[in-house]
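Q: Numbering follows the working numbering, in which position 60 of the sequence shown is assigned residue number 72; successive positions increment by one, without gaps.
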Amino acid sequence: MKKKFKSIDIFPDPYAPFNLSQGISIDNLLFISGQISINEFGNLLHSGDFTAQTEQAFTNLRTVLKARNSSFDHVLKVTIFLTDLTNFQTIVDLREKYFSSPFPADTIVEVSGLFHPKALIEIEAIAIKN
Numbered sequence: 013m014k015k016k017f018k019s020i021d022i023f024p025d026p027y028a029p030f031n032l033s034q035g036i037s038i039d040n041l042l043f044i045s046g047q048i049s050i051n052e053f054g055n056l057l058h059s060g061d062f063t064a065q066t067e068q069a070f071t072n073l074r075t076v077l078k079a080r081n082s083s084f085d086h087v088l089k090v091t092i093f094l095t096d097l098t099n100f101q102t103i104v105d106l107r108e109k110y111f112s113s114p115f116p117a118d119t120i121v122e123v124s125g126l127f128h129p130k131a132l133i134e135i136e137a138i139a140i141k142n
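#1: Note the first and the last residue of the continuous alpha helix (DSSP H) segment covering Lys89.
#2: Determine the direct distance from the alpha carbon of Ala79 to that of Asn142, and round the result to whole angstroms.
#3: Of the choices Phe84, Ile50 and Ala137, whose alpha-carbon is the least far from that of Phe127?
#4: Closest to Glu136 by C-alpha separation, out of Thr98, Leu57 and Thr75, would be which residue?
#5: Reducing DSSP to helix, strand and coil, say where Glu136 ends up.
#6: Run the CB neighbour count on Ala117, radius 10 Å, all protein chains shown included, and call it buried at 16 or more, exposed below.
#7: Got a sec: does the ligand SAH put a non-hydrogen atom nearer than 7 Å to the Cβ of Asp96?
#8: Indicate whether the contact test is met: 3 or more Cβ pairs, each with one atom in the segment 55-67 and one in the segment 98-110, closer than 8 Å.
#9: Taking all protein chains shown into account, decide if Val134 is buried (16 or more other Cβ within 10 angstroms of its Cβ) or exposed.
#10: According to DSSP, simplified to helix, strand and coil, what is Leu73?
#11: If you measure between the beta carbons of Gly125 and Thr95, is that distance less than 8 Å?
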């Protein structure tokens with residue numbers, strides 16, 4: 013059976029050695045892999061700065077959404093992984109910068125570590141196309 017979904021790849025993929033996609037689209041649904049604070053070359057940005065890493069992760073998420081004609085207004089669900097739950101309020105405050113009512117469903121989880129050892133946050137999403 014042939015796959016009927018398309019990979020969303022927008023810049024050199026830092027996950028390439030692990031055979032992952034930055035996202036997958038099928039029909040009007042978008043499943044976006046976790047975004048961290050990296051640039052288009054896969055280099056971590058803002059080491060040690062949770063707020064700046066969060067803003068960069070949201071910027072990367074926006075880039076993937078735009079690649080499939082979507083936006084933050086069309087995000088249905090986000091899962092946010094934090095390495096330190098004391099940053100919870102920062103996430104709540106920053107979400108209002110990117111999402112508006114009705115807000116997407118959300119899960120926030122504290123984890124002991126992420127793919128990149130200096131990453132402090134990772135954001136994955138499910139969205140629909142515009």
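C-beta atoms are modelled at their ideal positions from N, C-alpha and C, and glycine is treated no differently.
A: Put simply:
#1: For this step, residue 89 is matched to residue 77 along the sequence shown. Premise fails: Lys89 lies in the beta strand (DSSP E), Val87 to Leu94, not in any alpha helix (DSSP H).
#2: If you number the sequence shown from 1, residue 142 lands on position 130. If you number the sequence shown from 1, residue 79 lands on position 67. The alpha-carbon atoms of Asn142 and Ala79 are separated by roughly 11 Å.
#3: Residue numbering aside, residue 127 sits at position 115 when the sequence shown is read from its first letter. The residue with the shortest Cα to Cα distance from Phe127 is Ile50.
#4: Walking along the sequence shown from the start, residue 136 turns up at place 124. Ranking the options by Cα distance to Glu136, first place goes to Thr75.
#5: Here residue 136 refers to the residue found at position 124 when the sequence shown is read from its first residue. In this structure, Glu136 counts as strand in the three-state DSSP scheme.
#6: If you number the sequence shown from 1, residue 117 lands on position 105. Result: exposed.
#7: Only the bare structure without any ligand can be found here, which leaves the ligand SAH out of the picture.
#8: yes
#9: Here residue 134 corresponds to residue number 122 of the sequence shown, with the count starting at 1. According to the sequence as given, residue 134 is Glu; it is not Val. Result: buried.
#10: As a position in the sequence shown, residue 73 is number 61, starting the count at 1. If DSSP states are grouped into helix, strand and coil, Leu73 belongs with the helices.
#11: In the sequence shown, counting from the first residue as 1, residue 125 sits at position 113. In the sequence shown, counting from the first residue as 1, residue 95 sits at position 83. Yes, the Cβ-Cβ distance between Gly125 and Thr95 is below 8 Å.
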